[in-house]
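Asks: Sequential numbering of the sequence shown, starting at 0, is according to numbering that gives the first Met the number 0. Each residue gets a CB set at the ideal place from its N, CA and C atoms; glycine is no exception. The structure presented is a predicted model; accordingly, all values stated were derived computationally and were not measured. Below are the C-alpha cells for one structure; questions will follow.
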Amino acid sequence: MQCQLINNEVITNAPLLYRIVIDGRLYYIGCANSAKRPHKHYARNVQRLKDNKPYRKNLPDGFREIHRQLFEASEKGQSIIIELLRNVPGEEKFREERLEIASHRLLHGNALLNATGSRASKNPSS
C-alpha cells in the first residue's frame, strides 16, 4: 500500500491520534500506541484482502470499512495519506479518539468511515 505520511512533529514511539485520508474524500480517525500501527497494520490488512486471505483465522470476515476502502484506493491508485495528529496520554487515548471522531463527524459527515473498535456507521446521526 503506497501512502504519504505526515508527521506533524508527533513523537512516533508514543501514544497518538492519527487520521487517514483517502483520495481527499474519505476520512478515518484512530489511536495507537505508536506510529507503527497505522501504517503496518493497515498495509497488512490491505495485502490480506488482495491475497483473498481471512482477516484472522477465528474472524475471517472481520475486515472493517476502512480496510476495504484502503484496498479499493490501493487498487485504483488513489492517494492515501496517514497524518499523525498529536500525541495523547496513553490512558486517555480512547477518550481523545472519541472526541476527535466527534469533531471530524461534524466536519466530514458521511465521509467519516469510523467508530472505535468496530465497523463504522456511515450515518453521522448514529
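Taking the straight line between their C-alpha atoms, what separation do you get for residue 7 and residue 71?
Replies: As a working note, residue 7 is residue 8 in the sequence shown. As a working note, residue 71 is residue 72 in the sequence shown. Using only the alpha carbons, I get a separation of about 27 Å.
Asks: Just the Cα atoms here: how many angstroms apart are residue 82 and residue 57?
Replies: On the sequence shown, residue 82 is found 83 positions in, with the first residue counted as 1. On the sequence shown, residue 57 is found 58 positions in, with the first residue counted as 1. Using only the alpha carbons, I get a separation of about 31 Å.
Asks: So, helix, strand or coil for residue 29, using DSSP?
Replies: Counting from one through the sequence shown, the residue named residue 29 turns up at place 30. In the structure shown, residue 29 sits in a strand (DSSP, three-state: E or B).
Asks: Output the boundary residues of the alpha helix (DSSP H) element that contains residue 85.
Replies: As a position in the sequence shown, residue 85 is number 86, starting the count at 1. Per DSSP, residue 85 belongs to no alpha helix (DSSP H); it is in the beta strand (DSSP E), 79-86.
Asks: Put residue 54 into one of helix, strand or coil per three-state DSSP.
Replies: Translated into the one-based positions of the sequence shown, residue 54 becomes position 55. Per DSSP, reduced to three states, the secondary structure at residue 54 is coil, with no helix or strand assignment.
Asks: Helix, strand or coil for residue 65 per DSSP?
Replies: Taking the sequence shown and counting its residues from 1, one reaches residue 65 at position 66. Here residue 65 sits in helix by DSSP.
Asks: Taking 7 Å as the limit between beta carbons, can you name the residues of its chain near residue 110, skipping five residues before and five after?
Replies: One-based indexing of the sequence shown puts residue 110 at position 111. Taken in chain order, the residues that qualify are 24, 25, 26.
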